[in-house]
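Comments concern the structure below.
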Amino acid sequence: MKIAIGCDHGGLEHKNAIVEHLKERGFEIIDFGIYEQKSVDYPEIALKVATCIATGEAERGFLVCGTGIGMSLAANKVKGIRAAACSEHFSAKYTRLHNNSNILCLGGRVIGVGTALELADLFVDTEFEGGRHSRRVDMITDIENNK
Ligand code: RB5
4 MKIAIGCDHG GLEHKNAIVE HLKERGFEII DFGIYEQKSV DYPEIALKVA TCIATGEAER
64 GFLVCGTGIG MSLAANKVKG IRAAACSEHF SAKYTRLHNN SNILCLGGRV IGVGTALELA
124 DLFVDTEFEG GRHSRRVDMI TDIENNK
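Numbering of the sequence shown is given in my numbering, commencing with residue 4 and proceeding in unit increments.
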């Protein structure tokens, strides 16, 4: 599975830790930065990762900012993106099982690096359940398409 990732200045340590961890697990990572601690505008990074997922270049993505919320708001403006901001295990697992989310947004000022790695593992290891949840996810897509 190819994975896209990015962060702003609120999430650099977490992003780098996720990159290293998932590389060690054998995943191919496309890292959209940032690569050094400097202040940036999170929507720019969110757009890069979201576009990478929406075009099919990568299958799943991670975005880390201070809270995870700004990244999720920005990424969800891109057609085909279902980005979920999660800070605990249950939500990170169920947003895959039930929402077929394709981007997990994390808050570098909300959770520690250890938790971030566990949520990242859950997000890549959990498959969409389908069934009745497909209908509901399709309804989200219909809203996106103004149907
Ligand atoms: C940047 O200071 C901060 O606003 C950003 O990282 C994020 O938390 C936005 O949602």
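Every residue, glycine too, gets a C-beta built ideally from N, C-alpha and C.
As a beta-bridge residue in DSSP terms, Phe-65 pairs with Ile-8 and Leu-107. Beta-bridge partners assigned by DSSP to Asp-34: Ile-8. Less than 8 Å separates the beta-carbon of Glu-147 from that of Lys-82. Within its own chain, the residues whose Cβ lies closer than 6 Å to the Cβ of Val-67, once the five positions on either side in sequence are excluded, are Cys-10, Gly-14, His-17, Lys-18, Leu-109 and Gly-111, listed in chain order. Relative to the non-hydrogen atoms of the ligand RB5, the Cβ of Thr-70 comes within a distance shorter than 7 Å of at least one. If you compare the alpha carbons of Gly-133, Ala-7 and Asp-141 with that of Arg-63, the shortest gap goes to Ala-7.
Using a Cβ distance threshold of 8 Å, Gly-71 and Val-113 count as a contacting pair.
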